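If you're matching positions, the sequence shown starts at 0 in numbering that gives the first Met the number 0 and goes up one per residue.
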Amino acid sequence: MTNRLILCVLLVIISPWLLAKELILLHTNDFHGHIQQEGKYAGAAKIAAFVKEIKAQHPAVLLLDAGDAISGTPVSSMFEGEPIFDVMNAMGYDVGLIGNHEFDHGYKKIERFRAIANHPLLTANALGPDGELLGDAPYLLRNLDGIRVGIIGLITETAPTLFSPTGNEGLTFLNPADRLSELVPMLRPKTDVLILLSHIGHEAELVLAEQFQDLDLIIGGHSHTLVQHPVRVGKTLVAQANHYGSHLGLIKIKVPDAGQGSLDIQGDLIAANELPDGDPATQALVSSYEAKVEDQVDIKIAVIRKNYSKIALQPILEDILAEAIGADLGYYNRTGIRDVLSEGDVTARMIWNLEPFGNTLVKLTLSGADLLILLSQEPTLHHAANAIDPERRYQLATNSFIASHATLAFGDAITAVDTGILVRDILIQQIKAKGLQ
Ligand SMILES: [Zn+2]
């Protein structure tokens, strides 16, 4: 074939894309350090392979992450989240977002994440003690194949209740709707496609969509919601891709010529098992990090005969904590239980995945009334709540996350004694010694 013929063949193949002006968005959220393929979770290499394939075929592709990239696996916890951003570079991210878990190692660590990541980490509403935004930028403007794309980054205003106060003093989180009221009218005239990259949670994102119809699309996160096809709220679509890399979001946006007609937006989630084989370069990088943790975590500690949901695990973990320091009872917040346990072998890695934060065991002494307030934070009635006498004082075994928030809330009314022992280590020891009840 002559060069000219090859060119003609190529043009025939690619011309529909050139004529249609299509923007393709690939998205993840709440990846939580799951760089290694594990069960239902794709791992970084399979996602990277798909991203490379699509980017090779189309002129206008963006890979976005909607926050909470770190905290959820030993490799993230042991190296304070840093490997995750390095691996995300290999995956080809174009834009990321600061989620509440990016504060797990203190807000100053975010500077380090920004330095490692090749992509900007957005936030339009998280401010440091100096009043400056903590991300690279509040929003991003990109021109891709002539399509003008605007991406605003926002985090939930409730973030301070979700991370440890230690190392996160003096931060301010602005109201997302207030920020959108300023940014949407400013960016709308400059963009063909205006996107909110959000770590606010699906329900709240639906409300924002209704309020801000000038947004074309919200790519969400934080609630770990599996949204198979983006939900339409008026003119605005709201997407989210579950969590832990179980799915990759794929959104195709047909952009008409120079404001002629409206956008055509179609979205879907691709499950891990539908993704191609892993990209070798990305897998090599993942393996180099995993090699540093394998010896410590891929150790069988028990065998279990059934599956344990987070709800089933909660009282069991609480009993383990209470027994470890002879407290009246234990409290393990359900949102702090980050994974389930499945029938079969239990490894130390699974306990790391369940407790990735490195919280320590704390003994709190507090009134039953304050304890009831603490337990009322649970998504549903805590199983021990009905038996608690508000008049009595209790010794409570809990983790340092709950203890630090309780200390902030109740001050001198409670006493907290931090054992300095990692909750994860206690769980591993006890499950190894006694199995699970
Ligand atoms: Zn989150």
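All C-beta atoms, glycine included, are put in the ideal place defined by N, C-alpha and C. All of these numbers come straight from a predicted model, not from anything done at the bench.
C-alpha distance - I425 paired with N352, whole-angstrom precision: The count along the sequence shown starts at 1 and reaches residue 425 at position 426. The count along the sequence shown starts at 1 and reaches residue 352 at position 353. If I take the Cα positions, the gap works out to 14 Å.
Taking D278 and A47 to be in contact with their CB atoms under 8 Å, please state how far apart those CB atoms are, rounded to whole angstroms. Stepping through the sequence shown from its first residue, residue 278 is reached at position 279. Stepping through the sequence shown from its first residue, residue 47 is reached at position 48. With a Cβ gap of about 4 Å, D278 and A47 count as contacting.
State yes or no: is the C-beta of G244 nearer than 7 Å to some heavy atom of ligand 1? On the sequence shown, residue 244 is found 245 positions in, with the first residue counted as 1. Every heavy atom of ligand 1 is 7 Å or more from the Cβ of G244, so no.
Exposed unless 16 or more other CB atoms sit within 10 angstroms - verdict on S341: Residue mapping note: residue 341 aligns to position 342 of the sequence shown, counting from 1. So S341 ends up on the exposed side.
Kindly examine ligand 1 and report whether one of its heavy atoms sits closer than 7 Å to the Cβ of G335. By 1-based counting over the sequence shown, the position of residue 335 is 336. Not under cutoff, so the answer is no.
Can you tell me whether DSSP reads S180 as helix, strand or coil? What you label residue 180 is simply residue 181 of the sequence shown in a count that begins at 1. If DSSP states are grouped into helix, strand and coil, S180 belongs with the helices.
Under the three-state DSSP convention, the category L421 falls into: Here residue 421 corresponds to residue number 422 of the sequence shown, with the count starting at 1. Three-state DSSP puts L421 in a strand.
Own chain partners of L371 with C-beta closer than 7 Å, once the 5 adjacent residues on each side are dropped: Mapped onto the sequence shown, residue 371 falls at position 372. Taken in chain order, the residues that qualify are A384, I387, P389.
Taking 7 Å as the limit between beta carbons, can you name the residues of its chain near Y138, skipping five residues before and five after? Translated into positions along the sequence shown, residue 138 becomes position 139. Same-chain partners within the cutoff: L121, A123, G149, I150, I151, G152, L182, L186.
Which one or two residues does DSSP pair with F172 in a beta bridge? Taking the first residue of the sequence shown as 1, we reach residue 172 at position 173. Answer is A125, bridged to F172.
So, D67 versus H100, is the Cβ gap smaller than 8 Å? Taking the first residue of the sequence shown as position 1, residue 67 is located at position 68. Taking the first residue of the sequence shown as position 1, residue 100 is located at position 101. Yes, they are a contact pair.
Here's the rule: buried if 16 or more other CB atoms are within 10 angstroms of the residue's CB, otherwise exposed. What is I427? As a working mapping, residue 427 is identified with position 428 in the sequence shown. Flag for I427 reads buried.
Other residues of its chain near L236: CB distance less than 6 Å, five sequence neighbours each side excluded: Position 237 of the sequence shown, counting from 1, holds the residue named residue 236. If we look at L236 and ignore the five residues flanking it on each side, its Cβ neighbours are L216, P229, I264.
Using CA atoms only, rank isn't needed, just tell me which of D191, K253, R231, R147 is closest to E204. Taking the sequence shown and counting its residues from 1, one reaches residue 204 at position 205. Closest by alpha carbon: R231.
Could you tell me the boundaries of the beta strand (DSSP E) in which D344 lies? Translated into positions along the sequence shown, residue 344 becomes position 345. 343-346 is the extent of the beta strand (DSSP E) around D344.
Which residues bound the beta strand (DSSP E) around Q56? Counting from 1 along the sequence shown, the entry for residue 56 is found at position 57. Premise fails: Q56 lies in the alpha helix (DSSP H), 43-56, not in any beta strand (DSSP E).
Under the three-state reduction of DSSP, which class applies to I250: helix, strand or coil? On the sequence shown, residue 250 is found 251 positions in, with the first residue counted as 1. Of the three classes helix, strand and coil, the one that applies to I250 here is strand, per DSSP.
Does the beta-carbon of E317 have 16 or more other beta-carbons within 10 angstroms, so that it is buried, or is it exposed? By 1-based counting over the sequence shown, the position of residue 317 is 318. Burial state of E317 is buried, judged by a 10 Å Cβ sphere holding 16 or more other Cβ atoms.
Contacts around A412, its chain only, beta-carbon distance under 8 Å, and the 5 residues preceding and following it disregarded: Here residue 412 refers to the residue found at position 413 when the sequence shown is read from its first residue. Closer than 8 Å at the Cβ level, and outside the excluded window around A412, lie L365, S366, D369.
Should D64 be listed as close to ligand 1, given that the test is whether its C-beta is under 7 Å from any heavy atom? For the purposes of this step, residue 64 is taken as the residue at position 65 of the sequence shown. D64: no, Cβ never under 7 Å from ligand 1.
Exposure label - H382; buried when at least 16 CB within 10 Å: Numbered from its first residue, the sequence shown carries residue 382 at position 383. H382 is exposed by the Cβ-count criterion.
Say the cut is 7 Å; is the CB of L67 nearer than that to a heavy atom of ligand 1? Taking the first residue of the sequence shown as position 1, residue 67 is located at position 68. Correcting the residue type first, residue 67 is Asp in the shown sequence and not Leu. Yes, the Cβ of D67 comes within 7 Å of a heavy atom of ligand 1.
Where does D267 fall in DSSP's three states? One-based indexing of the sequence shown puts residue 267 at position 268. Strand.
Does the Cβ-Cβ distance between A125 and T281 come in under 8 Å? By 1-based counting over the sequence shown, the position of residue 125 is 126. By 1-based counting over the sequence shown, the position of residue 281 is 282. No, the pair does not count as a contact, with Cβ atoms beyond the cut-off.
Using a 10 Å radius around the Cβ and a threshold of 16 neighbouring Cβ atoms, would you call Q35 buried or exposed? Sequence index remark: in the sequence shown, residue 35 carries index 36 (1-based). Looking at its Cβ environment, which holds 16 or more other Cβ atoms inside 10 Å, Q35 is buried.
Taking the beta carbon of R423 as the centre, do at least 16 other beta carbons fall within 10 Å, making it buried, or is it exposed? Locating residue 423 in the sequence shown gives position 424, where the first residue counts as 1. Counting Cβ neighbours within 10 Å, R423 comes out buried, since at least 16 surround it.
Is it the case that the stretch 186-198 contacts the stretch 152-166, given that we only count it when at least three CB pairs across the two stretches are under 8 Å? yes
For K54, which residues in the same chain have their Cβ closer than 7 Å to its Cβ, ignoring the five residues on either side in sequence? By 1-based counting over the sequence shown, the position of residue 54 is 55. Within the same chain, K54 has close Cβ partners V60, G91.
Which of the three DSSP states, helix, strand or coil, is assigned to H228? Residue mapping note: residue 228 aligns to position 229 of the sequence shown, counting from 1. It is coil, neither helix nor strand.
In whole angstroms, give me the CA-to-CA distance for G200 and P159. Counting from 1 along the sequence shown, the entry for residue 200 is found at position 201. Counting from 1 along the sequence shown, the entry for residue 159 is found at position 160. In a straight line, the C-alpha of G200 is about 15 Å away from that of P159.
Does the Cβ of I250 have 16 or more other Cβ atoms within 10 Å, making it buried, or fewer, making it exposed? By 1-based counting over the sequence shown, the position of residue 250 is 251. It is buried - the Cβ of I250 has at least 16 other Cβ atoms within 10 Å.
Simplified DSSP state of K107, which is helix, strand or coil: Position 108 of the sequence shown, counting from 1, holds the residue named residue 107. Per DSSP, reduced to three states, the secondary structure at K107 is coil, with no helix or strand assignment.
Who are E37's beta bridge partners in DSSP? As a working note, residue 37 is residue 38 in the sequence shown. Per DSSP, Y40.
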